[in-house]
Amino acid sequence: MKRLGISLRTCNPQAYHEPRDGLARDWYRFFAELGCGNQWLLLPNLGEDTVAYARDHGVQGVIFSGGDDLGGDPLRDQSEQALLAHCVAERLPVLGVCRGLQLIHRFFGGDLADADREVHVAQRHPITVLAVDKLPWLQGQPASRTVNSFHGKQLLEPLPGVLRPWAVDANGTCEALVHTRLKLAGIMWHPEREATLGEADRQLCHWLFE
1 MKRLGISLRT CNPQAYHEPR DGLARDWYRF FAELGCGNQW LLLPNLGEDT VAYARDHGVQ
61 GVIFSGGDDL GGDPLRDQSE QALLAHCVAE RLPVLGVCRG LQLIHRFFGG DLADADREVH
121 VAQRHPITVL AVDKLPWLQG QPASRTVNSF HGKQLLEPLP GVLRPWAVDA NGTCEALVHT
181 RLKLAGIMWH PEREATLGEA DRQLCHWLFE
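Mapping the sequence shown onto the UniProt record's numbering, position 127 (from 1) lands on 127, and the numbers just tick up by one.
Here it is in structure tokens:
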């Protein structure tokens, strides 16, 4: 397993002004179940300097975590955009989760719109998996399943030409995508918030990061 870095969300204490970077502890269990050992690193929001931080610490692949809408924290936006550009230029594998998927979509020229919050915020809903037999991490997986949902934004069609959808919701809206040439994928659901790491998500991560 490659040495992975994971981006951090913005955390603002209620009692006083002291912006912080943070990560849900669910991710610690996720890394353990994935078999990463201690080969993972928290990536602080340092603006463009996040790239040098990741490089100096030997990061070989990146997970862009969820939380915060794009545009909500300029420093996080700048940090992740610079880091994603670095990953693309160096052909490092990438997984985008929820906001991370939206970041990828935006980076390659896609647009976002408001999602139906009654369907997508703190809910579960079915997805249909596309091209089960053609994508390596999907082989042997069911063509439909239920996923968690915590997002207030959705991807607008058409997707940028270098991105291919591989899962959609009941309305046909893209819930997962993959780059046509790079090991770069995004999912709208949160694998770390499940009680155990699902086999389909495990296979995706192994395809990306082994």
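Idealized CB from N, CA, C, for every residue including glycine.
Opening and closing residue of the beta strand (DSSP E) in which residue i lies
i: proline 74; result: Segment 74-90 is the alpha helix (DSSP H) holding proline 74; no beta strand (DSSP E) there.
i: cysteine 205; result: It is not in any beta strand (DSSP E) - cysteine 205 instead sits in the alpha helix (DSSP H) that spans 199-209.
i: glycine 22; result: 20-22
i: valine 168; result: 163-168
i: aspartate 114; result: 112-114
i: phenylalanine 150; result: 144-150
i: leucine 8; result: Note, leucine 8: premise wrong, no beta strand (DSSP E); not H, not E.
i: glutamine 154; result: 153-155
i: leucine 46; result: Per DSSP, leucine 46 belongs to no beta strand (DSSP E) and is neither H nor E.
i: glycine 37; result: From DSSP, glycine 37 is part of no beta strand (DSSP E); its letter is neither H nor E.
i: valine 62; result: 61-64
Local Cβ density within 10 Å of residue i, reported as buried at 16 or more and exposed below that
i: aspartate 26; result: exposed
i: residue 211; result: Because the chain spans 1 through 210 in this model, residue 211 falls outside it and cannot be assessed.
i: serine 7; result: buried
i: arginine 76; result: buried
i: threonine 146; result: exposed
i: arginine 181; result: exposed
i: alanine 115; result: buried
i: arginine 99; result: buried
i: serine 144; result: exposed
Integer-rounded CB distance, given that residue j should sit under 8 Å from residue i
i: lysine 183; j: leucine 208; result: 5 Å
i: valine 94; j: leucine 84; result: 7 Å
i: tryptophan 166; j: leucine 130; result: 5 Å
Where residue i falls: helix, strand or coil (DSSP)
i: glutamate 175; result: strand
i: glutamine 139; result: coil
i: proline 191; result: helix
i: alanine 32; result: helix
i: phenylalanine 108; result: coil
i: glycine 100; result: helix
Same chain, Cβ closer than 6 Å to residue i, five either side skipped, listed in chain order
i: glutamine 139; result: none
i: cysteine 205; result: Leu34
i: aspartate 73; result: Thr10
Residue range of the alpha helix (DSSP H) that includes residue i
i: valine 51; result: 49-56
Contacting residues, own chain, Cβ-Cβ under 7 Å from residue i (five flanking each side not counted)
i: phenylalanine 108; result: Pro160, Val162 and Leu163
i: leucine 197; result: Phe30, Glu33, Leu34 and Pro191
i: tryptophan 137; result: Gln203, Leu204 and Trp207
CB contact below 8 Å: residue i versus chain C
i: glutamate 80; result: Although the question refers to chain C, the structure presented lacks it and comprises just one protein chain.
Chain-order list of residues whose beta-carbon lies under 8 Å from that of residue i (same chain, five-residue window excluded)
i: leucine 23; result: Ile6, Leu8, Arg9, Leu42 and Ser65
i: leucine 112; result: Leu70, Gln102, His105, Arg106, Lys153, Gln154, Leu155 and Leu156
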